[in-house]
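Here is the structure we will look at.
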Amino acid sequence: MSGDAPYPVHDVSTWTRFGDETMGTKAKFWCHDEHGRDWLFKFARPGTGEHWAEKVAAEVGSLLGVPCAEVELAGCSGRPGSLTRSFVTEGSGSLVHGNELLQAVDATYPLVQLYGVSKHTVDAVLGLLAKIEARESDEPRLASAADVFLGYLLLDAVVVNCDRHHENWGVLQLAGGLRRLAPSYDHASSLGRELGDEQRLARLAARDPRYGIDPYLRRARSGFYAEATDKKAIHPAEAFFRAIKQRPETGDLWVARLARLGDDEIEKVTARVPGSAISEPGRAFAREILRRARQRILERPDRTEHE
Numbered sequence: 096m097s098g099d100a101p102y103p104v105h106d107v108s109t110w111t112r113f114g115d116e117t118m119g120t121k122a123k124f125w126c127h128d129e130h131g132r133d134w135l136f137k138f139a140r141p142g143t144g145e146h147w148a149e150k151v152a153a154e155v156g157s158l159l160g161v162p163c164a165e166v167e168l169a170g171c172s173g174r175p176g177s178l179t180r181s182f183v184t185e186g187s188g189s190l191v192h193g194n195e196l197l198q199a200v201d202a203t204y205p206l207v208q209l210y211g212v213s214k215h216t217v218d219a220v221l222g223l224l225a226k227i228e229a230r231e232s233d234e235p236r237l238a239s240a241a242d243v244f245l246g247y248l249l250l251d252a253v254v255v256n257c258d259r260h261h262e263n264w265g266v267l268q269l270a271g272g273l274r275r276l277a278p279s280y281d282h283a284s285s286l287g288r289e290l291g292d293e294q295r296l297a298r299l300a301a302r303d304p305r306y307g308i309d310p311y312l313r314r315a316r317s318g319f320y321a322e323a324t325d326k327k328a329i330h331p332a333e334a335f336f337r338a339i340k341q342r343p344e345t346g347d348l349w350v351a352r353l354a355r356l357g358d359d360e361i362e363k364v365t366a367r368v369p370g371s372a373i374s375e376p377g378r379a380f381a382r383e384i385l386r387r388a389r390q391r392i393l394e395r396p397d398r399t400e401h402e
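Shown next as structure tokens:
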């Protein structure tokens, strides 16, 4: 496939289903493709761009060198959705979610609660992942899972992912007690996917500084907190900035990768989403979010300005 060709949209209506997935809030099911590979199909909720946001985020992650689960656009019985290829396969172990890992080191950590968990802090997660080796890499600065996770936080900041809660990251439990950071996954809550086209067009054209893309971006919240006593989650960019203060050398690596990501590459990623999956206002809004988020990270790598 040409690097400029539209992303394919797979019809999974005839694929073999082998189980429903109960985790999360979206309707989804597991299925096999014609090659016997396992995929999770997720229906996009009506009126949202969750399917294309998932795909664009994964493609941006790939450009940044962030290990991401493979994502494809898809449909089922005329309804749009996305496919995420299973990264838990025979021989790769089982997935242990972040909430399970954090409760193992803090018995008071809330296992069942999904949102509003103030103990889900950047410091706590990095402290835990610092004890886990990274996958083999040619980059010596990516020595631990914590170093690689900084890339996940960077991706969240660039696509403005508002759903990195403690079940949206984890590690693979391998044989012999060995653990490896799982690929980054579940990025659908990004890029203004919940807005209608009328809202997108109004914000793109707004001259009032109180209404537009920038105010929309400032209101974003990640699944992370600065301190366990805080009542409000922090912005995705602030989560990344807090992380690079802890691991500045690794932070420099990830910021340098972002600096090498040009506007033309960002435009190509959004341009390749077929018109059957995204509206033109959706495409323009997503592209502008990526451009502005990237610019703000590069201009303010050592401070935050978010509310």
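Here the sequence shown stands for residues 96 to 402, numbered as in our numbering. For glycine and all other residues, C-beta sits at the position ideal for the given N, C-alpha and C.
Neighbour-count burial assignment, residue i, 16 or more Cβ in a 10 Å radius
i       : result
Arg-342 : buried
Asp-99  : exposed
Leu-393 : exposed
Arg-259 : buried
Tyr-320 : buried
Val-161 : buried
Pro-304 : exposed
Ala-354 : exposed
Three-state class that DSSP yields for residue i in the structure shown
i       : result
Thr-324 : coil
Pro-111 : With the sequence shown as reference, residue 111 is identified as Thr, and Pro is not the correct amino acid for it. Correct three-state label for Thr-111: strand.
Val-104 : strand
Ala-169 : strand
Thr-143 : coil
Thr-203 : coil
Phe-335 : helix
Phe-380 : helix
Arg-398 : Note on Arg-398: pLDDT 46, under 50, position unreliable in the model; the coordinate value appears next. If DSSP states are grouped into helix, strand and coil, Arg-398 belongs with coil.
Asp-309 : helix
Leu-292 : Here residue 292 turns out to be Asp, not Leu, going by the sequence shown. Three-state result, Asp-292: helix.
Glu-129 : coil
Lys-137 : strand
Lys-123 : strand
Neighbourhood of residue i by C-beta distance below 6 Å, restricted to the same chain and skipping five residues each side
i       : result
Ala-153 : Cys-163, Val-166
Phe-113 : Trp-125
Leu-348 : Arg-236
His-192 : Glu-262, Gly-265
Lys-214 : Tyr-204, Ala-323
Thr-109 : none
Sequence-distant residues of its chain with Cβ nearer than 7 Å to residue i (five each side left out)
i       : result
Phe-136 : Val-107, Lys-123, Phe-124, Cys-126, Ala-169, Cys-171, Gly-176, Leu-178
Thr-365 : Val-151, Arg-378, Ala-381, Arg-382
Gly-142 : Gly-291
Cβ neighbours of residue i in the same chain (closer than 8 Å, five flanking residues each side left out)
i       : result
Leu-158 : Leu-356, Glu-360, Val-364
Residue i Cβ short of 6 Å to the ligand MN heavy atom set
i       : result
Leu-290 : Looking at this structure, you won't find the ligand MN or any other ligand, since it has none at all.
Q: Starting from the N-terminal side, write out each stretch of the alpha helix (DSSP H) that is 4 residues or longer and does not extend beyond the region 232-288.
A: Qualifying alpha helix (DSSP H) stretches, in chain order: 240-254.
Q | Length-filtered (4 minimum) alpha helix (DSSP H) runs lying within the region 171-200 | A | For the region 171-200, whole alpha helix (DSSP H) runs of length 4 or above, ordered along the chain, are 193-200.
Q. Counting Cβ pairs closer than 8 Å, one from the region 329-349 and one from the region 249-256, do we hit at least three?
A. They touch, by the three-pair rule.
Q.
When you compare the region 283-293 with the region 238-249, are there three or more beta-carbon pairs, one atom per stretch, that lie closer than 8 Å?
A. Segment contact: the region 283-293 against the region 238-249, fewer than three CB-CB distances shorter than 8 Å; contact not assigned.
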